[in-house]
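Residue numbers (this note's numbering): 253 to 640.
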């Protein structure tokens, strides 16, 4: 195939835009509807193995072509033709602007917001595919296209072939995945929708940390996927939320049963993390520690006692303190010149242990100021005064 070739009497090849063990991807023109398309061309050599590969390409092209989703590349046509005495199978797809995620990752890790948004879009696409009964089998950065406005499109749904021995971990020459992103069970040829979720976990890990969870030769990768755990996410990206580390850990579970049940569940979990940590809502923060004092008799100090502890919480006076006018504060009848008002009164019953000494401080856990955005309260430190 070369520039200017008219494939199957219809598609004029313009220039190659990608290549791999399967053959080439060309930018082409379809004069019948006057549009630019991408065409994946599979070169046949007449062998029985080629016939099986073409049959699988046709079968899965039909399945992928039935999908209609904004995050999944649109398949327009499939066919085969003879050219210069050789058989070529081809798949005609939507021509996507933008670059692959792998290109962006060459520059390093993504911002957390970008990683989360991209992962959510991939999960959204996978959910549509899985609902249609299709497992992708090769989720990896080069199969994720990022458009000029950040839009994400997943390509190559279930249509993966390789004759490159460096990446071939099967005995047939057909690679049903890419070792760096393959689920442990997929290494033995077993796939289901949870295998895609493992691959998504690998991609999410790489987007957040700047490196895939495992590296090395294909055979090293096989051993690591089967038997080893990657470095915890937050050791490589300390600002990553703990919930994100937990999610990635679930996605990368060796046992498929320990992964999330569906891509839809993954999407919801990513959205929750995004809403909490990225979209303007601060993370939970612990409340401030407070101090107080209490007077006990010698008997109470020696034998212990349960005493009432009155806690008063204040807030800025709504009538004067926000104005910045000192005179108005001093003359304010609401706060009586203090600039603050009581927002909450509460009495706790606190047990003081036996044997406390004069001047000793007692720590009361979570009796301090309330936390913000769901965070835990601070602690209360009470200084004991023993009276005669």
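Glycine included, each C-beta is placed from N, C-alpha and C at the ideal position.
Spell out the partners DSSP gives residue i in its beta bridges.
i	result
residue 459	Looking at the DSSP assignment, residue 459 forms no beta bridge with any residue, so it has no partner.
residue 433	Residue 433 pairs with nothing; no bridge assigned.
residue 263	259
residue 341	294 and 332
residue 405	397
residue 324	406
residue 282	287
residue 351	398
residue 632	542 and 616
residue 624	537
residue 271	276
residue 637	547
Rounded to whole angstroms, what's the CA-CA distance from residue i to residue j? Just pull it up for me.
i	j	result
residue 565	residue 632	13 Å
residue 310	residue 333	13 Å
residue 569	residue 617	29 Å
residue 511	residue 581	59 Å
residue 473	residue 360	21 Å
residue 412	residue 388	Because the pLDDT of residue 412 is 42, which lies under 50, any placement of that residue in the model is unreliable, and the question is left without a value.
residue 379	residue 459	20 Å
residue 622	residue 610	29 Å
residue 317	residue 445	19 Å
residue 541	residue 635	14 Å
residue 319	residue 326	8 Å
residue 269	residue 276	8 Å
residue 500	residue 453	5 Å
residue 255	residue 265	5 Å
residue 644	residue 467	Lying outside 253 to 640, the shown extent of the chain, residue 644 is not represented and no answer is given.
residue 555	residue 603	11 Å
residue 386	residue 490	36 Å
residue 488	residue 470	23 Å
residue 342	residue 330	6 Å
How close, in whole Å, do the beta carbons of residue i and residue j come, if the pair is a contact with beta carbons under 8 Å?
i	j	result
residue 392	residue 451	7 Å
residue 456	residue 503	7 Å
residue 381	residue 324	7 Å
residue 629	residue 619	7 Å
residue 477	residue 434	6 Å
residue 347	residue 279	6 Å
residue 593	residue 586	6 Å
residue 449	residue 509	That belief does not hold up - the Cβ atoms of residue 449 and residue 509 are roughly 12 Å apart, past 8 Å.
(message) Ignoring anything shorter than 4 residues, give me the alpha helix (DSSP H) runs that lie fully in the stretch 477 to 538, in order along the chain.
(response) Secondary structure within the stretch 477 to 538: the alpha helix (DSSP H) runs of 4 or more consecutive residues, fully enclosed, are 485 to 488, 494 to 503 and 515 to 529 (chain order).
(message) Is it the case that the stretch 394 to 407 contacts the stretch 357 to 374, given that we only count it when at least three CB pairs across the two stretches are under 8 Å?
(response) Result yes; three or more Cβ-Cβ pairs closer than 8 Å.
(message) With three or more C-beta pairs closer than 8 Å as the rule, is the stretch 540 to 557 touching the stretch 481 to 488?
(response) The stretch 481 to 488 and the stretch 540 to 557 do not touch, with fewer than 3 CB-CB distances between them shorter than 8 Å.
(message) Report the start-end ranges of each beta strand (DSSP E) in the stretch 535 to 616 that is 3 residues or longer and not cut off at the edges.
(response) You should have 542 to 549, 557 to 568, 592 to 604 and 613 to 616.
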